[in-house]
Ligand SMILES: [Fe+2]
């Protein structure tokens, strides 16, 4: 199968890569992990970053079929509803999002407003499911560990959008200390990704470079040789010990409180009150 066309967009504020994947100009496309700008100090959202994806899809005369989330992000808000309003397409995520919704429904006291059944999304993928985007074939891999619901999207068996499972080789892997996270499961998920052919491109959801520019693409072979956390020869026990020790030193992500509340609603802001005002909650002493 041919290489998919991929265009990456970096949100500098959260160091997130969003992607447009497509079969050819004038063809069919999917957006992966779009970012909604959010200013915590003012509580103001903006669509400047997401508009770049919308402009690109229009310039290339693409028909958008899917808006894909790799997981419920804790570091940025999803712009999926804005993208959908502009371009159409179905908003989808892995089916284990229900577990994540159940966990955070209790953290944020959302029992009355949020059903933990995934119905906020247009579609939930199960492990191994395949779908097409025009001439592209996408296979869904459930890769839990960072969260219980992470999925990776393997496109044409040539490229995998790994979410927060693997980062660039010099950055390593994502934290596993969010509720429902597991270093053991992340290690096993990484082994599944590294079992793909050596030449498979891996596209990351974030990059946190030290002393180089942001990069979004590496390969299975490079990860096996050079990933500082999971290169060939590192055992599950050694990884789990390293990961758990490291996670104990990491700060809570700056935007976790707004991000989770919005992202478990498929990127929709909380329902407005009778006067049209929308609010987020700050749970005290729960995170
Ligand atoms: Fe994440």
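In our numbering, the protein residues as written are 1 to 287.
By construction, the Cβ of each residue, glycine as well, lies at the ideal position given by its N, Cα and C atoms.
Margin query: Using CA atoms only, rank isn't needed, just tell me which of 134, 88 and 36 is closest to residue 23.
Written below: That would be 134, whose Cα lies nearest to the Cα of residue 23.
Check: Any chance the stretch 259-270 sits against the stretch 75-88, with 3 or more Cβ pairs inside 8 Å?
Finding: With the rule of 3 Cβ pairs closer than 8 Å, the stretch 259-270 counts as touching the stretch 75-88.
Note to self: According to DSSP, simplified to helix, strand and coil, what is residue 156?
What the structure shows: Three-state DSSP puts residue 156 in coil, outside helix and strand.
Item checked: CB-CB length for residue 189 against residue 165, believed under 8 Å -> Confirmed, Cβ separation roughly 6 Å.
Checklist line | residue 71 CB to nearest heavy atom of ligand 1 below 8 Å | finding: Flag set: Cβ of residue 71 near ligand 1.
Margin query: Between which residues of its own chain and residue 147 is the CB-CB distance below 7 Å, once the five residues before and five after are set aside?
Written below: Residues of the same chain with a CB within less than 7 Å of the CB of residue 147, apart from the 5 flanking positions on each side, are 71, 72, 100, 178, 180 and 181 in chain order.
Notebook entry, point to check: Per DSSP, what kind of secondary structure is residue 245 in: helix, strand or coil?
Noted result: Of the three classes helix, strand and coil, the one that applies to residue 245 here is helix, per DSSP.
Next item on the list: Report yes if the C-beta of residue 174 is less than 8 Å from at least one heavy atom of ligand 1; otherwise report no.
Entry: Distances between the C-beta of residue 174 and the heavy atoms of ligand 1 include at least one below 8 Å.
Item checked: N- and C-terminal bounds of the beta strand (DSSP E) containing residue 67 -> Residues 63-68.
Notebook entry, point to check: Quick one: any contact between the stretch 10-23 and the stretch 198-209, if contact means 3 or more CB pairs under 8 Å?
Noted result: As far as the Cβ criterion goes, the stretch 10-23 touches the stretch 198-209, which means the pair count is three or higher.
Next item on the list: Decide yes or no for the touch test of the stretch 223-232 against the stretch 25-40: beta carbon pairs closer than 8 Å, at least 3 of them.
Entry: In this structure the stretch 223-232 does not lie against the stretch 25-40, because fewer than three pairs of beta carbons, one per stretch, are closer than 8 Å.
Next item on the list: Ignore the nearest five residues each way along the sequence and tell me which others in residue 270's own chain have a CB closer than 6 Å to its CB.
Entry: Counting only residues of its own chain and dropping the five nearest sequence neighbours on each side, residue 270 has a CB closer than 6 Å to the CB of 278.
Notebook entry, point to check: Taking the alpha-carbon positions, what's the residue 158 to residue 86 distance?
Noted result: Distance between the alpha carbons of residue 158 and residue 86 is about 29 Å.
Notebook entry, point to check: If we count the other Cβ atoms within 10 Å of its Cβ and call it buried at 16 or more, is residue 192 buried or exposed?
Noted result: The residue in question, residue 192, is exposed, as its Cβ has fewer than 16 Cβ neighbours within 10 Å.
Next item on the list: Scan the stretch 41-127 and note each continuous beta strand (DSSP E) run of 3 residues or more that stays entirely inside, going in chain order.
Entry: Runs found: 44-46, 63-68, 90-94 and 123-125.
Next item on the list: Just tell me which of 173, 242, 120 and 154 has its CA closest to the CA of residue 200.
Entry: Among 173, 242, 120 and 154, the Cα nearest to that of residue 200 belongs to 154.
Checklist line | Cβ shell of residue 47 (< 6 Å), same chain only, five flanking positions each side left out | finding: Once the five neighbours on either side are set aside, the close Cβ partners of residue 47 are 82.
Next item on the list: For residue 243, collect the residues of the same chain with a Cβ closer than 6 Å to its Cβ; drop the 5 residues on either side in sequence, then sort them by chain order.
Entry: Cβ neighbours of residue 243 beyond the five flanking positions: 176 and 183.
Notebook entry, point to check: What do you reckon, are the CB atoms on residue 288 and residue 90 nearer than 9 Å?
Noted result: In the structure displayed, the chain extends from 1 to 287; residue 288 sits before or after that span and is not available.
Margin query: Considering Cα atoms alone, identify which of 261, 260 and 61 is closest to residue 26.
Written below: Of all alpha-carbon atoms in 261, 260 and 61, the one lying nearest the alpha-carbon of residue 26 is that of 61.
Note to self: Just to confirm the assignment: which complete alpha helix (DSSP H) runs, minimum length 4, are found wholly within the stretch 187-247?
What the structure shows: Listed in chain order, they are 220-226 and 236-247.
Next item on the list: Taking the CB atoms as reference points, tell me whether residue 140 and residue 131 lie closer together than 9 Å.
Entry: In this structure, residue 131 lies closer than 9 Å to residue 140 by Cβ.
Next item on the list: Take the Cβ of residue 294 as the centre, count every other Cβ of all protein chains shown within 10 Å, and call the residue buried at 16 or more, exposed below.
Entry: The structure shown does not extend to residue 294, since the chain spans only 1 to 287, so no value can be given for it.
Margin query: Report the CB separation of residue 53 from residue 18 in whole angstroms; it is logged as a contact under 8 Å.
Written below: The Cβ separation is near 6 Å, so the contact holds.
Notebook entry, point to check: Could you check where the alpha helix (DSSP H) with residue 291 kicks off and where it finishes?
Noted result: Any property of residue 291 remains undetermined from this structure, which presents the chain solely from 1 to 287.
Notebook entry, point to check: Looking only at C-alpha atoms, which of 74, 123 and 257 sits nearest to residue 96?
Noted result: Among 74, 123 and 257, the Cα nearest to that of residue 96 is on 123.
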